[in-house]
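Novice:
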Amino acid sequence: MSVRRVMGTETEFGISVQGQPTANPMVASSQVVNAYALSVLRARRARWDFEEESPLRDARGFDVSREVADPSQLTDEDLGLANVILTNGARLYVDHAHPEYSTPECTNPRDVVRWDKAGELVMQDACRFAAAVPSAAPIVLYKNNTDNKGASYGAHENYLMRRSTPFGDIVRHLTPFFVSRQVVTGAGRVGRGQDGREDDFQVSQRADYFEVEVGLETTLKRPIINTRDEPHADPERYRRLHVIIGDANLSEISGYLKVGTTSLVLSMIEDGFITRELGVEQPVRSLRAVSHDPTLKHQLTLHDGRRLTAVQLQLEYLDLARKYVEDKYGADADEQTRDVLARWESVLTRLETDPLLCARELDWVAKLTLLNRYRDRDGLEWSDAKLHLVDLQYADIRPGRGLYNKLVAMGQVERLLTDEEIAAAVHQPPPDTRAYFRGRCLEKYAERIAAASWDSVIFDLPGRDSLQRVPTIDPLRGSRAHVGELLDRCETAEQLFEALTRP
Amino acid sequence: MAQEQKQPRRSSEDRTAETTEAESAERKDQLDEDIDAILDEIDEVLESNAEDFVKSFIQKGGQ
Ligand SMILES: Nc1ncnc2c1ncn2[C@@H]1O[C@H](COP(=O)(O)OP(=O)(O)OP(=O)(O)O)[C@@H](O)[C@H]1O
Ligand SMILES: [Mg+2]
Numbered sequence: 163m164s165v166r167r168v169m170g171t172e173t174e175f176g177i178s179v180q181g182q183p184t185a186n187p188m189v190a191s192s193q194v195v196n197a198y199a200l201s202v203l204r205a206r207r208a209r210w211d212f213e214e215e216s217p218l219r220d221a222r223g224f225d226v227s228r229e230v231a232d233p234s235q236l237t238d239e240d241l242g243l244a245n246v247i248l249t250n251g252a253r254l255y256v257d258h259a260h261p262e263y264s265t266p267e268c269t270n271p272r273d274v275v276r277w278d279k280a281g282e283l284v285m286q287d288a289c290r291f292a293a294a295v296p297s298a299a300p301i302v303l304y305k306n307n308t309d310n311k312g313a314s315y316g317a318h319e320n321y322l323m324r325r326s327t328p329f330g331d332i333v334r335h336l337t338p339f340f341v342s343r344q345v346v347t348g349a350g351r352v353g354r355g356q357d358g359r360e361d362d363f364q365v366s367q368r369a370d371y372f373e374v375e376v377g378l379e380t381t382l383k384r385p386i387i388n389t390r391d392e393p394h395a396d397p398e399r400y401r402r403l404h405v406i407i408g409d410a411n412l413s414e415i416s417g418y419l420k421v422g423t424t425s426l427v428l429s430m431i432e433d434g435f436i437t438r439e440l441g442v443e444q445p446v447r448s449l450r451a452v453s454h455d456p457t458l459k460h461q462l463t464l465h466d467g468r469r470l471t472a473v474q475l476q477l478e479y480l481d482l483a484r485k486y487v488e489d490k491y492g493a494d495a496d497e498q499t500r501d502v503l504a505r506w507e508s509v510l511t512r513l514e515t516d517p518l519l520c521a522r523e524l525d526w527v528a529k530l531t532l533l534n535r536y537r538d539r540d541g542l543e544w545s546d547a548k549l550h551l552v553d554l555q556y557a558d559i560r561p562g563r564g565l566y567n568k569l570v571a572m573g574q575v576e577r578l579l580t581d582e583e584i585a586a587a588v589h590q591p592p593p594d595t596r597a598y599f600r601g602r603c604l605e606k607y608a609e610r611i612a613a614a615s616w617d618s619v620i621f622d623l624p625g626r627d628s629l630q631r632v633p634t635i636d637p638l639r640g641s642r643a644h645v646g647e648l649l650d651r652c653e654t655a656e657q658l659f660e661a662l663t664r665p
Numbered sequence: 900m901a902q903e904q905k906q907p908r909r910s911s912e913d914r915t916a917e918t919t920e921a922e923s924a925e926r927k928d929q930l931d932e933d934i935d936a937i938l939d940e941i942d943e944v945l946e947s948n949a950e951d952f953v954k955s956f957i958q959k960g961g962q
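Protein sequences appear in the order of chains A and B.
Its first residue numbered 163, the first sequence is counted upward by one per residue in the working numbering.
Its first residue numbered 900, the second sequence is counted upward by one per residue in the working numbering.
(1) Would you call the CB atoms of Trp277 (chain A) and Cys289 (chain A) closer than 8 Å?
(2) Measuring from each Cβ to the nearest heavy atom of ligand 2, keep the ones under 6 Å and list them in chain order.
(3) Output needed for Leu283 (chain A): all residues of its chain with C-beta closer than 6 Å, excluding positions within five of it in sequence on either side, in chain order.
(4) Quick one: is Glu414 (chain A) buried, meaning 16 or more other Cβ sit within 10 Å of its Cβ, or exposed?
(5) With hydrogens ignored, establish whether the beta-carbon of Tyr321 (chain A) is closer than 7 Å to any heavy atom of ligand 1.
(6) For the beta strand (DSSP E) holding Met323 (chain A), just list the boundary residues, first then last.
(7) So is Glu950 (chain B) in contact with chain A if we call contact Cβ pairs under 8 Å?
(8) Between Asp935 (chain B) and chain A, is there a C-beta pair that is closer than 8 Å?
(9) Between the stretch 473-482 of chain A and the stretch 370-382 of chain A, are three or more C-beta pairs nearer than 8 Å?
(10) Does any CB atom of chain A fall closer than 8 Å to the CB of Glu946 (chain B)?
(11) For Leu254 (chain A), which residues does DSSP report across the bridge?
(12) Taking just the CA atoms, how far does Gly316 (chain A) sit from Cys652 (chain A)?
(13) Would you say the beta carbon of Met169 (chain A) comes nearer than 7 Å to a heavy atom of ligand 1?
(14) Cβ closer than 9 Å: which chain B residues qualify as neighbours of Ala313 (chain A)?
(15) Just checking my contact of Ser178 (chain A) with Val302 (chain A) at CB under 8 Å: how many whole Å lie between their CB atoms?
(16) At 3 residues or longer, and completely inside the stretch 390-451 of chain A: list those beta strand (DSSP E) runs for me, N to C.
(17) Quick one: is Leu510 (chain A) buried, meaning 16 or more other Cβ sit within 10 Å of its Cβ, or exposed?
(18) To the nearest angstrom, how far is it from the Cα of Lys548 (chain A) to the Cα of Gly640 (chain A)?
(19) Is there a Cβ from chain B that is less than 8 Å from the Cβ of Thr381 (chain A)?
(20) Return helix, strand or coil for Trp210 (chain A), following the three-state DSSP convention.
(21) Rounded to the nearest angstrom, how far is the Cβ of Gln498 (chain A) from that of Asn270 (chain A), given a contact under 8 Å?
(22) Could you check whether Pro633 (chain A) and Glu656 (chain A) sit closer than 8 Å to each other, using their CB atoms as the reference points?
(23) Is there a C-beta anywhere in chain B that falls below 8 Å from the one on Gly377 (chain A)?
(24) Can you tell me whether Asp370 (chain A) is buried or exposed? The criterion is at least 16 other CB atoms within 10 Å of its CB, across all chains shown.
(25) Count the other CB atoms within 10 Å of the CB of Ser366 (chain A); is the residue buried (16 or more) or exposed (fewer)?
(26) Which residues in the same chain have their Cβ closer than 8 Å to the Cβ of Val570 (chain A), if we skip the five residues on either side of it in sequence?
(27) For my contact list, Tyr400 (chain A) and Arg324 (chain A) are in at a C-beta cut-off of 8 Å; report their separation, rounded to the angstrom.
(28) Within 10 Å of its beta-carbon, does Arg351 (chain A) have 16 or more other beta-carbons around it, so buried, or fewer, so exposed?
(29) Counting only runs that start and end within the stretch 324-398 of chain A, where is the alpha helix (DSSP H) found for 4 or more residues in a row?
(30) May I ask you to list, following chain order, the residues of the stretch 547-578 of chain A that have a beta carbon less than 7 Å from some beta carbon of chain B?
(31) What's the C-alpha gap between Thr595 (chain A) and Asp273 (chain A)?
(32) Kindly indicate which three-state DSSP category Arg563 (chain A) falls into: helix, strand or coil?
(33) Just how far apart, CA to CA, sit Arg253 (chain A) and Thr265 (chain A)?
(34) Using the Cα positions of Ala231 (chain A) and Asp211 (chain A), report the straight-line distance between them to the nearest angstrom.
(35) To the nearest whole angstrom, what separates the beta carbons of His460 (chain A) and Ala472 (chain A), a pair I think is in contact under 8 Å?
(36) What's the gap between the Cα of Leu412 (chain A) and the Cα of Val346 (chain A)?
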């Protein structure tokens with residue numbers, strides 16, 4: 163593979179009810195999600211299907227099982243928190259005390275960013291709809307990862323990988339990559355320590371919240387490598403690597419490089435291409451040390467005794483990736499793979515010279531540049547509330563108030579996508595994964611869909627007592643090429659179901 | 900002939916490197932100016948009471 167594979171991101175948004183700092187965040191999160199569901203989703207809203215996927219057979223892409231699923235059963239499993247599926251194939255729900263948007267499955271980094279950014283528009287709309295309820299206090303969402311008072315919430319990435327790749331190889335080769343990639347993917351933070359007790363700037367939002375190297379937890383003792391194993395695909399052949407260490411990115415370039423370079427490194431791991439020893443001593447401490455030095459001079463110690471900065475370590479991965487792509491594809495490498503390599507190199511080279519040269523591309527540098535201007539102009543110390551405010555408001559998702567969005571409006575940020583592309587992705591699914599089938603079904607047959615999830619769409623058809631579950635176990639089946647014409651042709655859900663189950 | 904060609908090319912490469920450096924410095928100055936100019940605009944959208952705002956931004960932990 164290349165930068166291409168099945169992938170998706172999840173973002174838990176920070177939430178605040180204006181003028182009501184003690185408002186219950188679970189209630190507020192539900193209001194946001196429910197307001198969106200009520201206003202946008204036609205007819206009945208399909209529930210999230212929590213049922214475990216079982217059939218692994220994949221005849222014609224969909225193995226239609228007719229097992230009885232009682233609707234009340236689903237209600238029991240649905241934990242009572244808002245949880246809906248959108249016509250773009252995404253999931254919108256309440257996770258702990260945050261509204262969360264999970265992108266549909268995509269096949270390339272550019273699409274991941276596109277559907278991730280569409281999630282910001284979904285949340286903007288959701289807030290507007292929630293505010294339209296009489297007497298509702300305005301709710302504002304933040305695409306960040308910490309309140310700087312001890313709490314952190316995640317922005318996860320998910321990568322489909324071959325099951326045959328030993329997990330130990332993933333841990334070994336991905337850990338140094340994750341310790342160092344924050345110089346590209348970090349979103350910047352004012353404050354150090356989990357509760358922000360030290361006043362200073364750091365590269366990453368999340369670094370201080372990681373305490374172990376490998377583990378299953380996601381809410382405490384967070385691990386650099388998370389071992390959650392829920393493939394949402396044939397478990398014999400695949401795993402879904404659940405990456406929890408990333409920062410939520412506003413910058414399209416940061417997000418693109420985050421997903422693109424990680425996918426590329428995973429390909430090298432799957433193909434056994436990384437034979438160089440790049441392991442770092444004390445990964446957890448090193449992760450923080452890198453984040454705590456925005457000059458990027460901190461030297462990591464490798465197991466073999468070499469000392470490299472995080473940028474130099476990234477350059478090692480880049481060098482390997484260039485060789486790998488050259489070896490494997492030569493001149494046939496796809497355009498995005500070449501683009502990711504070129505941008506990665508360009509960014510790393512400038513980070514080595516002077517990190518501030520990346521202010522138009524990388525979140526943490528854009529934020530730091532803005533903060534430095536305020537410090538220069540107003541003579542502010544890092545403890546100043548105004549700098550903390552700039553940090554928080556950078557991630558305010560409102561177009562007129564969020565500082566990242568302000569920078570975009572003022573032409574200070576390099577873009578990857580157009581506003582139109584992002585807006586279209588609010589309603590349209592990616593064309594080349596099962597999200598296409600899910601999204602189109604939701605769009606076209608909403609009143610006949612009882613529930614859906616990554617691995618299924620469940621129909622409630624007239625004249626049938628039981629619900630009809632259409633498993634979608636293969637992430638690449640159910641694409642436009644596969645079912646587009648069928649969906650165009652079938653006017654009703656019954657017709658579609660007939661066509662899918664006809665022997 | 901080959902020698903002659905090599906010489907000028909090398910020096911033009913040097914010149915390109917210099918120009919690029921100068922250009923990027925210039926670009927950075929330009930960027931700095933722009934950002935100074937926009938600070939005022941950003942001031943207008945910043946939440947009015949920074950201290951209160953920052954203090955009351957309290958989140959529950961998540962994943
Ligand atoms: N087979 C797959 N391989 C890679 N990514 C996948 C696959 N199936 C789904 N995804 C992506 O994984 C993400 C799953 O999001 P979801 O929020 O349901 O994840 P989770 O981490 O399992 O759940 P939670 O956050 O509730 O613990 C989405 O971004 C989706 O696009
Ligand atoms: Mg999730």
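Glycine is no exception: its CB is placed at the ideal position from the N, C-alpha and C atoms.
Just so you know, these numbers come straight off a predicted model, no measurement behind them.
Specialist: Considering the structure as presented:
(1) Taking the first residue of the first sequence as 1, we reach residue 277 (chain A) at position 115. Taking the first residue of the first sequence as 1, we reach residue 289 (chain A) at position 127. Taking 8 Å as the Cβ cut-off, Trp277 (chain A) and Cys289 (chain A) do not qualify as a contacting pair.
(2) A:Glu172, A:Asp257, A:Glu262 and A:Ser264
(3) Counting from 1 along the first sequence, the entry for residue 283 (chain A) is found at position 121. Val588, listed in sequence order.
(4) By one-based count along the first sequence, residue 414 (chain A) stands at place 252. So Glu414 (chain A) ends up on the buried side.
(5) In the first sequence, counting from the first residue as 1, residue 321 (chain A) sits at position 159. Yes, the Cβ of Tyr321 (chain A) comes within 7 Å of a heavy atom of ligand 1.
(6) Here residue 323 (chain A) corresponds to residue number 161 of the first sequence, with the count starting at 1. Ala317 to Arg324 is the extent of the beta strand (DSSP E) around Met323 (chain A).
(7) Translated into positions along the second sequence, residue 950 (chain B) becomes position 51. Judged by the 8 Å Cβ criterion, Glu950 (chain B) is in contact with chain A.
(8) The residue labelled residue 935 (chain B) in the question sits at position 36 within the second sequence. For Asp935 (chain B), the answer is yes, since a Cβ of chain A falls inside 8 Å of its Cβ.
(9) no
(10) To locate residue 946 (chain B), count along the second sequence from 1; it is residue 47. Chain A contact via Cβ: present.
(11) Locating residue 254 (chain A) in the first sequence gives position 92, counting from the first residue. Answer by DSSP bridge pairing, in chain order: A:Val246 and A:Tyr263.
(12) On the first sequence, residue 652 (chain A) is found 490 positions in, with the first residue counted as 1. On the first sequence, residue 316 (chain A) is found 154 positions in, with the first residue counted as 1. So the two alpha carbons sit approximately 40 Å from each other.
(13) The residue you call residue 169 (chain A) lines up with position 7 of the first sequence. At least one heavy atom of ligand 1 is nearer than 7 Å to the Cβ of Met169 (chain A), so yes.
(14) Here residue 313 (chain A) refers to the residue found at position 151 of the first sequence. Under the 9 Å cutoff, chain B gives Ile957, Gln958, Lys959, Gly960 and Gly961.
(15) Here residue 178 (chain A) is taken as the residue at index 16 of the first sequence, counted from 1. Here residue 302 (chain A) is taken as the residue at index 140 of the first sequence, counted from 1. Right, the Cβ-Cβ distance comes to about 5 Å (below 8 Å), so this counts as a contact.
(16) 400-405
(17) Along the first sequence, read from residue 1 onward, the residue named residue 510 (chain A) stands at position 348. It counts as buried.
(18) The residue labelled residue 548 (chain A) in the question sits at position 386 within the first sequence. The residue labelled residue 640 (chain A) in the question sits at position 478 within the first sequence. Cα to Cα, Lys548 (chain A) sits roughly 50 Å from Gly640 (chain A).
(19) Counting from one through the first sequence, the residue named residue 381 (chain A) turns up at place 219. Output row for Thr381 (chain A): interface = yes.
(20) Residue 210 (chain A) sits at position 48 when you count from the first residue of the first sequence. If DSSP states are grouped into helix, strand and coil, Trp210 (chain A) belongs with the strands.
(21) Within the first sequence, the letter at position 336 stands for residue 498 (chain A). Within the first sequence, the letter at position 108 stands for residue 270 (chain A). That pair is a contact at about 5 Å.
(22) To locate residue 656 (chain A), count along the first sequence from 1; it is residue 494. To locate residue 633 (chain A), count along the first sequence from 1; it is residue 471. No, the Cβ-Cβ distance between Glu656 (chain A) and Pro633 (chain A) is not below 8 Å.
(23) In the first sequence, counting from the first residue as 1, residue 377 (chain A) sits at position 215. No, Gly377 (chain A) does not count as interfacial toward chain B.
(24) Along the first sequence, read from residue 1 onward, the residue named residue 370 (chain A) stands at position 208. Asp370 (chain A) comes out buried.
(25) Here the question's residue 366 (chain A) lines up with position 204 in the first sequence. Label assigned to Ser366 (chain A): buried.
(26) Here residue 570 (chain A) refers to the residue found at position 408 of the first sequence. Arg577.
(27) Taking the first sequence and counting its residues from 1, the one referred to as residue 400 (chain A) is at position 238. Taking the first sequence and counting its residues from 1, the one referred to as residue 324 (chain A) is at position 162. Contact flag correct, Cβ pair sits at about 7 Å.
(28) Looking up residue 351 (chain A) in the first sequence gives position 189. Buried, because 16 or more other Cβ atoms sit within 10 Å of the Cβ of Arg351 (chain A).
(29) 329-347
(30) Ala547, Lys548, His550, Leu551, Leu554, Gln555, Gly562, Arg563, Leu565, Lys568, Met572 and Gln574
(31) Here residue 595 (chain A) is taken as the residue at index 433 of the first sequence, counted from 1. Here residue 273 (chain A) is taken as the residue at index 111 of the first sequence, counted from 1. C-alpha separation (whole angstroms): 11 Å.
(32) For the purposes of this step, residue 563 (chain A) is taken as residue 401 along the first sequence, with counting starting at 1. If DSSP states are grouped into helix, strand and coil, Arg563 (chain A) belongs with coil.
(33) Indexing the first sequence from 1 puts residue 253 (chain A) at position 91. Indexing the first sequence from 1 puts residue 265 (chain A) at position 103. Rounded to whole angstroms, Arg253 (chain A) to Thr265 (chain A) spans 7 Å at the Cα level.
(34) Residue mapping note: residue 231 (chain A) aligns to position 69 of the first sequence, counting from 1. Residue mapping note: residue 211 (chain A) aligns to position 49 of the first sequence, counting from 1. With a pLDDT of only 33 at Ala231 (chain A), under the threshold of 50, the placement of this residue in the model should not be trusted; the figure read from the coordinates follows. Rounded to whole angstroms, Ala231 (chain A) to Asp211 (chain A) spans 11 Å at the Cα level.
(35) Your numbering for residue 460 (chain A) matches position 298 in the first sequence. Your numbering for residue 472 (chain A) matches position 310 in the first sequence. The pair is a contact, with the Cβ atoms about 7 Å apart (cut-off 8 Å).
(36) Taking the first residue of the first sequence as 1, we reach residue 412 (chain A) at position 250. Taking the first residue of the first sequence as 1, we reach residue 346 (chain A) at position 184. In a straight line, the C-alpha of Leu412 (chain A) is about 13 Å away from that of Val346 (chain A).
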